[in-house]
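Peer 1: In my numbering, the protein residues as written are 3 to 110. C-beta: ideal position from N, C-alpha, C; glycine also. Since this is a predicted model, take the numbers as computed values, not measurements.
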């Protein structure tokens with residue numbers, strides 16, 4: 003899920019799409035016990051972030067991982083991606099707009 007935020011707090015550029023991606027997941031089978039012996043505690047996540055290069059060097063992966071309610075993150079990958087653009091409506095001191103994409107794969 004993309005996130006488009008001003009450059010004022012670049013950490014949010016990465017945390018918001020992660021939070022949006024995991025909150026959009028609905029896994030009724032785990033809630034209803036449809037898979038015998040599998041609960042939310044067994045969930046394993048694979049996280050892949052498409053991040054514009056200027057944001058990659060300051061990423062705090064531990065803070066990003068904290069967003070996910072199930073801390074069993076099997077793979078956490080940051081790749082070149084997203085988008086950096088600007089608009090005249092943004093403040094003059096920094097008119098960059100960053101878009102970060104987050105893909106969260108859920109399994110057990």
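Check this for me: beta carbons of residue 106 and residue 83, under 8 angstroms apart or not?
Peer 2: Cβ distance not < 8 angstroms, so residue 106 and residue 83 don't count as in contact.
Peer 1: Applying the criterion that 16 or more other CB atoms from any shown protein chain within 10 Å of the CB defines a buried residue, is residue 70 buried or exposed?
Peer 2: Buried.
Peer 1: Which residues mark the beginning and the end of the alpha helix (DSSP H) in which residue 55 is found?
Peer 2: Counting along the chain, the alpha helix (DSSP H) containing residue 55 begins and ends at 55-58.
Peer 1: Between the alpha carbons of residue 25 and residue 89, how many angstroms are there, rounded?
Peer 2: Taking the straight line joining both Cα atoms gives about 29 angstroms.
Peer 1: Along the alpha helix (DSSP H) that carries residue 64, what are the first and last residues, could you check?
Peer 2: Run containing residue 64: 63-67, per the alpha helix (DSSP H) assignment.
Peer 1: Hey, how far is the Cα of residue 16 from the Cα of residue 39?
Peer 2: Cα to Cα, residue 16 sits roughly 33 angstroms from residue 39.
Peer 1: Please report the distance separating the alpha-carbon of residue 19 from that of residue 51.
Peer 2: When rounded, the distance between both Cα atoms is 9 angstroms.
Peer 1: Between which two residues does the beta strand (DSSP E) holding residue 90 run?
Peer 2: Counting along the chain, residue 90 falls outside any beta strand (DSSP E), and DSSP gives it neither H nor E.
Peer 1: Which of the three DSSP states, helix, strand or coil, is assigned to residue 16?
Peer 2: Here residue 16 sits in helix by DSSP.
Peer 1: For the beta strand (DSSP E) that residue 81 lies in, which residues bound it at each end?
Peer 2: Segment 75-82, the beta strand (DSSP E) holding residue 81.
Peer 1: Look at the Cβ atom of residue 100, then the Cβ atom of residue 57, and state whether they are nearer than 8 angstroms.
Peer 2: In contact: residue 100 and residue 57 (Cβ atoms closer than 8 angstroms).
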